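In the numbering used here, the protein residues as written are 1478 to 1706.
Virtual Cβ for every residue (Gly too), placed ideally from N, Cα, C.
Bear in mind the structure is a predicted one, so any value in this text is a computation, not a measurement.
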């Protein structure tokens, strides 16, 4: 575990070094957000109401649910408060008066754990040379219990303005080679331990990728799927 932690530490540092050397702006946005970036709604919800829900459940056991007449009275109260807010806004009341009425209706807003960086914050973020680095923690409630679908993970998510597919591939290739060289230069002892204990060919593969002066091979998606499925 100690060796893995040291290698991960080196890769994290190398990641930031790579993007800084290539003039990316590192942006760390809040983990808790109200934006459902992909629109599917399959995100972890954040709440402080669980303990209150447990208390409410116990209270309901002691006290039976309200009668239908009580429910109608509650609906009438909400309607009256909503009308009060509308009247204040129509009358152009002061911000304090309107806010006091709105707070009765605006009890809570759904909060989610971030899935990726496609959020409302992006248009307002100043870009350095049109490049942004969003490498940080993300969450995805995938319905798959495998090592390939973790609920929490760190993701390297760079963005380059006005880039095409070839630019993206060049950036990804440069990043992979940079990581391999960094491990060979900064973590050789740890990699030798991994080669001795788990994977005898890991160092040779790093050297092969890091030392190549040509572009890495590009294969079609369908072919890669058939190889790695």
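The region 1629–1638 and the region 1680–1688 do not touch, with fewer than 3 CB-CB distances between them shorter than 8 Å.
Per DSSP, reduced to three states, the secondary structure at residue 1677 is coil, with no helix or strand assignment. Rounded to whole angstroms, residue 1502 and residue 1620 show a C-alpha spacing of 34 Å. Residue pairing for residue 1507: DSSP places it in no beta bridge. DSSP lists 1616 as the bridge partner or partners of residue 1629.
Spanning the alpha carbons of residue 1627 and residue 1521 requires a straight line of approximately 13 Å. The beta carbon of residue 1692 sits closer than 7 Å to those of 1650, all from its chain and outside the five residues before and after it, given in chain order. With a beta-carbon spacing of about 27 Å, residue 1643 and residue 1631 fall beyond the 8 Å limit used to define contacts.
Residue 1495 holds the alpha-carbon nearest to the alpha-carbon of residue 1657 among 1479, 1495, 1478. Between residue 1523 and residue 1538 the beta-carbon gap is near 27 Å, outside 8 Å, which marks them as no contact. Note that the C-beta distance between residue 1484 and residue 1665 is not below 8 Å. By the CB criterion at 8 Å, residue 1671 and residue 1480 fall inside the cutoff. Distance from the CA of residue 1700 to the CA of residue 1500, rounded to the nearest whole angstrom, comes to 34 Å. Separation of residue 1482 and residue 1493 (C-alpha to C-alpha, rounded to the nearest whole angstrom) is 17 Å.
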